[in-house]
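Reviewing the structure listed below.
There are 4 protein chains.
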Amino acid sequence: MIKVGIIGATGYAGGELVRLLMGHKDARIVWYGSRSYIDKKYAEVYQNMFQIVEDVCKDDNLEKLAEEADVIFTATPQGFCASMMTEEILSKAKVIDLSADYRIKDVNVYESWYGIEHKSPQFLEEAVYGLCEINREKIRGARLIANPGCYPTCSTLSIYPMVKEGLIDPSTIIIDAKSGTSGAGRGAKVDNLFCEVNENIKAYGVAGHRHTPEIEEQLGYAAGEKITLNFTPHLVPMNRGILITAYASLKETVTYEEIKAVYDKYYQKEQFVRVLDKDICPQTKWVEGSNYVDVNFKIDPRTGRIIMMGAMDNLVKGAAGQAVQNMNLLFGLPENTGLNLVPVFP
Amino acid sequence: MIKVGIIGATGYAGGELVRLLMGHKDARIVWYGSRSYIDKKYAEVYQNMFQIVEDVCKDDNLEKLAEEADVIFTATPQGFCASMMTEEILSKAKVIDLSADYRIKDVNVYESWYGIEHKSPQFLEEAVYGLCEINREKIRGARLIANPGCYPTCSTLSIYPMVKEGLIDPSTIIIDAKSGTSGAGRGAKVDNLFCEVNENIKAYGVAGHRHTPEIEEQLGYAAGEKITLNFTPHLVPMNRGILITAYASLKETVTYEEIKAVYDKYYQKEQFVRVLDKDICPQTKWVEGSNYVDVNFKIDPRTGRIIMMGAMDNLVKGAAGQAVQNMNLLFGLPENTGLNLVPVFP
Amino acid sequence: MIKVGIIGATGYAGGELVRLLMGHKDARIVWYGSRSYIDKKYAEVYQNMFQIVEDVCKDDNLEKLAEEADVIFTATPQGFCASMMTEEILSKAKVIDLSADYRIKDVNVYESWYGIEHKSPQFLEEAVYGLCEINREKIRGARLIANPGCYPTCSTLSIYPMVKEGLIDPSTIIIDAKSGTSGAGRGAKVDNLFCEVNENIKAYGVAGHRHTPEIEEQLGYAAGEKITLNFTPHLVPMNRGILITAYASLKETVTYEEIKAVYDKYYQKEQFVRVLDKDICPQTKWVEGSNYVDVNFKIDPRTGRIIMMGAMDNLVKGAAGQAVQNMNLLFGLPENTGLNLVPVFP
Amino acid sequence: MIKVGIIGATGYAGGELVRLLMGHKDARIVWYGSRSYIDKKYAEVYQNMFQIVEDVCKDDNLEKLAEEADVIFTATPQGFCASMMTEEILSKAKVIDLSADYRIKDVNVYESWYGIEHKSPQFLEEAVYGLCEINREKIRGARLIANPGCYPTCSTLSIYPMVKEGLIDPSTIIIDAKSGTSGAGRGAKVDNLFCEVNENIKAYGVAGHRHTPEIEEQLGYAAGEKITLNFTPHLVPMNRGILITAYASLKETVTYEEIKAVYDKYYQKEQFVRVLDKDICPQTKWVEGSNYVDVNFKIDPRTGRIIMMGAMDNLVKGAAGQAVQNMNLLFGLPENTGLNLVPVFP
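Chains as they are written, first to last, in numbering that gives the first Met the number 0: chain A, 0 to 345; chain B, 0 to 345; chain C, 0 to 345; chain D, 0 to 345.
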């Protein structure tokens with residue numbers, strides 16, 4: 000039984016971790032860290048957990064937690080994990096960081112986009128980017144996992160085969176992303192009030208969203224060259240779900256069947272990436288509550304572009320589900336342990 | 000392994016049955032019945048099931064199905080199950096009917112409220128009303144289960160202890176209910192279009208909803224007398240969830256602790272009925288996707304009334320979850336098999 | 000041209016006042032008071048007003064404002080208006096208070112339900128409860144208007160004819176109310192975040208909501224006796240709209256036509272109260288954005304009760320629209336000036 | 000007083016026409032055409048019009064209507080208006096067609112994208128594309144107006160200045176559009192049910208949506224050359240609103256101020272196109288219920304692209320509002336008559 004500690008257990012991603020781990024037969028949560036709710040019953044913060052979780056919230060003492068847990072999930076604001084990380088902690092427990100602190104290898108890029116100093120760049124090289132479908136082998140032996148961002152997970156998986164196979168011109172990639180509101184977190188801000196989000200849609204972080212360099216880095220590895228792209232997120236009036244619609248110019252004329260074969264090459268054996276049938280566009284509702292990413296594409300012969308689409312639950316495959324998938328890999332469990340979640344519809 | 004057949008597998012309740020049974024270790028679906036989609040892949044109707052369910056839809060031949068299945072779920076319009084039922088079918092397979100056909104013992108009451116002739120009243124006496132928390136023992140030995148309606152499940156469980164203990168005047172019961180839109184089914188009607196339901200709330204079926212006599216009958220058994228009450232459902236712009244707010248006059252002055260003890264008496268050992276802590280009002284989001292009913296109450300000393308509240312997922316405890324719970328009882332399995340679903344929040 | 004000052008112009012009710020007054024040919028806003036946004040352009044707080052309102056926000060100096068305005072709307076938290084009110088202010092400008100400070104005549108009742116001291120009880124007697132359809136004549140000559148609460152407006156108008164005519168037993172009145180989330184205001188609270196409200200419904204303030212004594216007082220005037228009733232509000236995942244479903248026992252057997260005649264007696268000449276046709280239940284979407292209250296009723300001969308229903312836009316007839324209606328009366332304008340708003344559907 | 004006839008008065012666009020014309024001081028509706036509801040009271044179809052509209056629905060006899068009305072709005076399915084149009088009708092009444100029948104000058108393009116035969120191509124040359132901000136002068140003298148599509152209105156106005164001034168490479172234009180569900184009409188289809196749309200987002204019509212050639216044609220006029228572009232619409236869980244996010248490569252390095260000056264050049268004098276302040280992204284909620292299009296842009300120096308954004312109410316500026324704007328131009332009225340609608344927020 001893996002002993003699990005969560006720092007940031009009362010955010011939405013933390014809450015989802017708790018939900019998933021309740022159904023994980025080989026893991027047990029021993030630490031519900033939440034600075035805001037210390038000593039309060041966890042189930043009083045998330046009443047859905049009433050009579051399911053009896054524990055009270057604890058502080059965010061990573062060092063102490065490292066002695067009690069086999070693995071630590073940090074679902075915390077940017078900078079927190081980096082500021083706390085020590086060799087001692089890593090020598091005692093595996094760490095899966097759901098923040099962005101170890102996702103970007105180049106510390107200057109991190110500091111420039113996030114506007115904060117990185118407090119433990121010495122661990123950047125060691126950290127493994129936990130996109131399981133792509134970095135599976137590296138993840139198995141790691142101590143420190145940088146759990147991918149929600150938008151980067153959906154974007155990268157949707158575009159990866161095309162870049163990896165050199166079928167599109169990377170300089171033409173444009174990603175138009177749409178996210179449910181849980182991605183904005185549980186902080187009490189006017190912008191996230193029901194009445195401000197409901198019956199509304201807007202772009203935000205245009206030409207400057209922090210997930211941009213993360214996507215560029217990962218797709219750059221696939222391309223074998225530096226990639227610069229456009230990424231535009233939008234806020235959608237729904238709780239969960241990310242949809243990305245990506246555009247790129249095809250290098251040459253291709254058929255549906257050729258591209259389908261490429262996607263199948265990378266994903267046919269992947270349980271959590273579903274390449275939909277021809278002409279079926281991904282919908283976020285079809286993956287809600289599950290660890291699936293549904294992807295598909297459409298070739299536009301008129302413009303010579305391909306439109307690549309992906310849909311995912313931002314709190315599962317985009318956060319907690321992928322974190323559990325990483326945990327399973329770290330501990331040698333079947334990768335889908337606790338993750339055979341059937342999407343909830345409607 | 001229990002072989003399961005579903006008639007009406009492409010309605011919302013049928014779809015939820017499929018979702019739940021995918022996670023049930025002792026059951027396997029052998030028949031996805033859907034008259035509208037015969038020979039179509041089930042996963043093309045519900046794309047959330049892509050790569051999870053490979054079967055195609057079949058017809059609604061109950062007699063043939065009875066030879067292939069151990070249990071048949073009928074998630075069909077009123078009248079269908081009654082019109083098909085035969086002794087032969089029941090001799091071969093258990094039947095759990097999610098429609099109203101066998102819920103009301105008095106065939107005249109049924110025919111009067113539903114406006115159709117009952118085609119097999121000879122089975123009414125045998126049929127067991129499948130509200131597990133109350134009729135558990137009767138269910139175990141049954142062949143034909145009348146799976147309770149969504150509103151009646153939530154209403155009855157919220158009010159039952161008060162009536163059973165004789166603490167309220169039954170003639171004063173008023174139930175004001177609110178339901179998500181999945182309760183209206185998947186039929187293509189203007190009234191259920193997104194734009195008609197969204198940003199809107201209305202009462203419907205005022206003083207005439209068909210679930211009224213069902214609630215009256217069940218609470219009447221608890222009271223040991225005939226009960227006539229008001230039941231008013233409302234349509235709420237959300238997919239899932241039922242909330243009921245019920246009012247009744249207390250027969251005498253009581254304390255919170257006394258009433259709490261009464262609710263605990265009936266529900267403390269029940270996994271799926273959670274009596275919330277003092278002053279915590281049930282919310283549908285806290286039970287979404289799960290088989291829980293959250294109940295609580297508030298005494299109003301000013302008016303001498305008690306306000307009883309219950310929240311539930313109409314598709315789980317209000318339909319498919321309760322049907323599985325009944326199946327577990329029928330086949331001697333632990334009652335919560337396949338039903339340890341943690342509510343999804345947010 | 001009436002010079003209008005608004006204190007609390009950046010709350011939702013204040014914002015709606017601005018919207019309505021932009022379309023009022025005889026009024027001009029001279030003061031956008033908002034303590035939180037002093038010196039900020041109003042249209043930067045509410046971007047819908049971009050290029051429509053050019054003013055910047057000012058403070059909440061009521062005394063200074065009284066010298067510049069003919070009428071002052073206070074859309075402020077409970078206690079503010081009462082703490083600022085002076086004879087001098089009232090001698091210079093009419094005041095329409097959208098808070099609860101002057102709605103309840105008995106200062107002890109106010110202080111008990113609101114939990115704060117009333118700082119200017121000397122104006123309670125003078126203040127007129129601004130429910131135009133009922134207090135029209137008193138309003139015309141007033142200096143200080145207590146603009147009714149949202150729930151009380153909808154509740155009172157829906158039930159008033161039945162109580163006034165003595166057709167129901169007042170001690171049996173139960174009001175089950177449902178409101179959109181704008182009623183909770185624009186404060187940044189976790190409970191009002193999109194993800195907490197969306198796909199959810201809950202009761203709140205059960206047996207203790209502050210609008211209870213206000214409704215009791217107004218219906219008490221109609222009944223000619225003290226009334227105690229149950230009022231239960233619910234939070235619904237929509238921006239605007241209040242629906243009330245009220246129950247009461249009929250004193251004697253009545254027909255639909257008799258009751259219809261009673262409602263028509265009070266409302267046939269009222270532009271803003273629409274008595275719907277037989278069996279048509281009010282829906283909040285049908286009045287959205289307008290000053291209408293749609294009411295109707297259903298007699299239940301089985302229980303001897305009548306179900307009374309009302310739907311209204313909480314920000315219009317429930318706040319800003321009624322405030323403008325009061326202003327029109329105060330200044331001798333046609334009562335519907337600026338209020339001929341056609342409901343927006345869908 | 001202009002006598003107005005509406006064919007298709009019970010669709011969402013038709014209903015919005017009625018709403019707007021109720022507030023138009025110089026127009027009066029004399030014909031509520033609705034084949035589905037002949038002889039039914041209009042206010043029974045749209046209860047928001049109760050006690051506002053007393054008329055009953057009539058048939059769609061254009062010839063008869065042309066004798067009774069000064070202007071005819073056809074808010075009908077593709078093909079209807081073209082199949083009915085005659086010289087005689089046009090000689091008697093102005094026609095503003097809200098369908099696509101006369102929007103595309105090349106009948107082959109129309110027939111290819113719409114898959115139907117055009118029954119009156121002889122009027123194509125005469126018809127004026129009613130995008131008022133661009134074709135104002137041509138509209139004034141016209142008999143037959145092709146009222147622009149919702150997506151084309153928002154897309155064209157957002158991109159037009161950049162194309163007209165030759166600042167972007169037209170071959171790089173990609174338009175990612177998001178629409179509320181009223182754009183899908185009031186037909187009873189499973190895909191538009193509340194439970195299918197709510198908590199969901201999807202792309203549709205990828206690389207094949209019928210509004211593509213319309214946008215290409217209009218931007219092509221501005222560019223002075225044929226344009227081929229990508230247009231991808233998405234369905235968003237909200238009633239109203241269109242947001243478009245468009246991407247294109249800048250031909251040369253430009254500053255914010257330079258581009259701002261270009262947008263101002265075209266829109267500073269336009270009441271209904273608001274160029275937002277720097278870094279403010281358009282939101283559909285800020286224009287809801289009004290005739291505004293809010294536009295803005297962001298330069299991305301990293302990729303050399305510009306992101307152009309536009310938000311609009313699809314039923315107002317995207318349909319009924321623009322139709323009324325066209326009517327005002329046709330009859331020599333101030334262009335904003337009946338259109339000074341303040342956006343409703345929240």
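Heads up, the beta-carbon is just placed ideally off N, CA and C, and yes, glycines get one too.
Check	Outcome
Is Val414 of chain D helix, strand or coil when you go by DSSP?	Here chain D has residues from 0 to 345 only, and residue 414 of chain D is not among them.
Do the region 25-39 of chain C and the region 2-13 of chain C touch if we need at least three Cβ pairs shorter than 8 Å?	yes
Check whether the Cβ of Thr34 of chain B lies closer than 8 Å to any Cβ atom in chain D.	Inspection of the sequence shows that residue 34 of chain B is occupied by Arg rather than by Thr. No, no contact with chain D.
For Gly204 of chain D, I'd like the list of residues in its chain whose CB is within less than 7 Å of its CB, leaving aside the five on either flank, ordered along the chain.	Pro232
In the DSSP assignment, find the alpha helix (DSSP H) that holds Arg394 of chain B and state where it starts and stops.	The question about residue 394 of chain B has no answer here: the residues shown for chain B are numbered 0 through 345.
Going by DSSP, what residues sit across from Met307 of chain A in a beta bridge?	A:Ala245, A:Phe296
Thinking C-alpha only, which one of A:Ile172, A:Asp59, A:Cys280 is nearest Thr155 of chain A?	A:Ile172
Keeping to the same chain, check which residues put their C-beta closer than 6 Å to that of Asp38 of chain D; ignore five residues upstream and five downstream.	Val55
Are any of the Cβ atoms in chain A nearer than 8 Å to that of Ser178 of chain B?	no
With DSSP collapsed to three states, give me the class of Lys40 of chain C.	strand
Between which residues of its own chain and Pro379 of chain C is the CB-CB distance below 8 Å, once the five residues before and five after are set aside?	Since the first residue shown for chain C is 0 and the last is 345, residue 379 of chain C is missing from the structure and cannot be characterised.
DSSP state of Phe122 of chain D, grouped into three classes?	helix
Hey, would you say Lys268 of chain C sits closer than 8 Å to Pro160 of chain C, going by beta carbons?	no
Listing by chain order, which chain D residues have their CB less than 9 Å from the CB of Tyr203 of chain B?	Per Cβ cutoff of 9 Å: no residues; Tyr203 of chain B is ~14 Å from chain D at best.
List the endpoints of the continuous beta strand (DSSP E) containing Pro333 of chain C.	Premise fails: Pro333 of chain C is in no beta strand (DSSP E) and is neither H nor E.
Taking the DSSP output, what are the residues bridged to His233 of chain C?	C:Lys177, C:Ala202
What's the gap between the Cα of His117 of chain C and the Cα of Leu234 of chain C?	28 Å
Tell me the residue span of the beta strand (DSSP E) that contains Ile115 of chain B.	Looking at the DSSP string, Ile115 of chain B is not in any beta strand (DSSP E), and its letter there is neither H nor E.
Taking the alpha-carbon positions, what's the Ala26 of chain D to Ile241 of chain C distance?	33 Å
Would you kindly work out how many angstroms separate the C-alpha atoms of Gly114 of chain D and Glu164 of chain A, rounded to a whole number?	37 Å
Need the endpoints of the beta strand (DSSP E) that Arg27 of chain B sits in, please.	26-32
Would you mind sorting Met326 of chain C into buried or exposed? The rule is 16 or more other CB atoms within 10 Å of its CB.	buried
Taking Asn191 of chain A as the query, report the chain C residues whose CB atoms sit under 7 Å from its CB, ordered along the chain.	Leu192, Phe193
When you compare only the Cα positions, how much space is there between Pro120 of chain C and Phe49 of chain C?	40 Å
Could you give the first and the last residue of the continuous beta strand (DSSP E) run that contains Ala145 of chain A?	143-145
Measuring from the CB of Leu228 of chain A, is there a heavy atom of the ligand MN at a distance below 7 Å?	The ligand MN is not part of the structure shown, which contains no ligands of any sort.
In the DSSP assignment, find the beta strand (DSSP E) that holds Gly4 of chain B and state where it starts and stops.	1-6
Could you check where the alpha helix (DSSP H) with Phe193 of chain B kicks off and where it finishes?	193-196
Determine the closest residue to Thr336 of chain B out of B:Glu110, B:Pro342, B:Ala322, with distance taken between C-alpha atoms.	B:Ala322
When Cβ atoms are compared, which residues of the region 233-255 of chain B fall closer than 8 Å to chain C?	His233, Val235, Pro236, Met237, Asn238, Arg239, Gly240, Leu242, Thr244, Tyr246
Are the C-beta of Met326 of chain B and some C-beta of chain C separated by less than 8 Å?	no
Given a limit of 8 Å on CB to CB distance, which residues of the region 280-309 of chain D reach chain A?	Cys280, Pro281, Gln282, Thr283, Lys284, Glu287, Lys297, Ile298, Asp299, Arg301, Thr302, Arg304, Ile306, Met308
Which class does Val274 of chain D belong to by DSSP, given the choice of helix, strand or coil?	strand
Can you tell me the Cβ-Cβ gap for Thr302 of chain A and Thr227 of chain D, rounded? I've got them flagged as a contact below 8 Å.	6 Å
Leaving aside the five residues before and after Phe72 of chain B along the sequence, list all residues of the same chain whose C-beta is less than 6 Å from its C-beta, in chain order.	Ile5, Leu16, Ile95, Ala322
Spatial neighbours of Tyr262 of chain A within its chain, please: C-beta separation below 6 Å, excluding the five flanking residues on both sides.	Pro160, Val274
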